[in-house]
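Inspection log for the structure reproduced underneath, given as structure tokens.
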Amino acid sequence: MEMKRKKISVTSQILPVIMLVVAVVLPMIYSTNYYIQLFSQTLINLVAVLGLNVVMGLAGQTNLGTIALVALGSYTSALISQATGSTNLVGLLAALVVAVLVGFMLGYPSLRVSGIFLSLTTMSVAQIVYSLANSMQWLTGGAMGVKDISEPNIFGIEFKTQAQLYYFILVIAILLIIFSVRLAKSKYGRALKAVRDNPEAVESVGLSVTKLKLMAFLIATILGCLAGVFYTWVMQY
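Just so you know, we're using our numbering here: the sequence shown kicks off at 869 and counts up by one.
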């Protein structure tokens, strides 16, 4: 048993290093914009799934509306950046504000419904966002989408190549992975797991299930919208 634990421990330490090296080297080997965009989209999906893991993996709350969060972050960032004609930082901040509002909107139903009913609620949000994005042509461009989005400019730093943007998203993704790991091991992470396993026991020790569920949904929506912003920056569409 001790030998197995040591092997698992060594593997858990070496594997992240190998994955990091691969992530850093890949754009150097496959240097065309097509491949680098694919690598960036992988990181974008990773960011969205990190948020999904908090609400579903830790808190045990069903959320089938992650794609709606990505869409809201993407459209908000694109439209505001296009309207202001200024730095993409404005669009990013606006997307985060939307994320907080949607987080509360999705979090409160989880206080009263669960299981398949919460699944249907979050799925409905995804369908509503999809329908609005297609029907509001005057705002979203309908099926043609929002085009001609400017290159990302954060605090005066311009990302003119796909490789530069990829490494920027990679750094953010690594920081978010570290945050997710530390959250899972923190007292808040343990409390979220307790909400998943036995909410009555959580309330019996004086913890607020309401606040914990809302926190989980807020983190999920923020990361989902952030993934949408990154998608807009990478695809410029």
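Each residue gets a CB set at the ideal place from its N, CA and C atoms; glycine is no exception.
- Under the three-state reduction of DSSP, Glu1068 is assigned to helix.
- Under the DSSP assignment, Phe1023 falls outside any alpha helix (DSSP H); it carries neither an H nor an E label.
- Per DSSP, Gly1013 lies in no alpha helix (DSSP H) and is assigned neither H nor E.
- Residues Tyr1105 of the same chain have their beta carbon placed closer than 7 Å to that of Gly1013, with the five preceding and five following residues left out of the count.
- Residue environment analysis places Gln995 among the exposed positions, since fewer than 16 neighbouring C-beta atoms fall within 10 angstroms of its C-beta.
- Phe1085 and Leu937 do not touch by the CB rule: their CB atoms are close to 10 Å apart, not below 8 Å.
- About 5 Å separates the Cβ atoms of Leu1060 and Ala927, confirming a contact at the 8 Å cut-off.
- Residue range 956-975 is occupied by the alpha helix (DSSP H) that includes Val965.
- When only Cα atoms are considered, Tyr902 and Val890 end up about 18 Å apart.
- With contacts defined by Cβ atoms closer than 7 Å, Ile948 and Gly959 form a contacting pair.
- DSSP places Ala927 in the coil class of the three-state scheme, outside both helix and strand.
- The C-alpha of Tyr976 lies about 7 Å from the C-alpha of Leu1082.
- The three-state reading of DSSP puts Thr1029 in coil, since its state is none of H, G, I, E or B.
- Note that the C-beta distance between Val1077 and Val1097 is not below 7 Å.
- Take the alpha-carbon of Leu1044 and the one of Asn921: they are about 12 Å apart.
- The beta-carbon separation of Ala916 and Gly1092, rounded to 5 Å, stays under the 8 Å limit for a contact.
- In the three-state scheme derived from DSSP, where H, G and I count as helix and E and B as strand, Tyr898 is classed as coil.
- Counting other Cβ atoms within 10 Å of its Cβ, Asn1066 stays below 16 and is therefore classed as exposed.
- Selection Leu986, Leu940, Met991 evaluated against Val968 yields Leu940 as nearest (Cα-Cα).
- Measuring C-alpha to C-alpha distances from Leu961 to each of Ser978, Gln881, Tyr943 identifies Tyr943 as the nearest.
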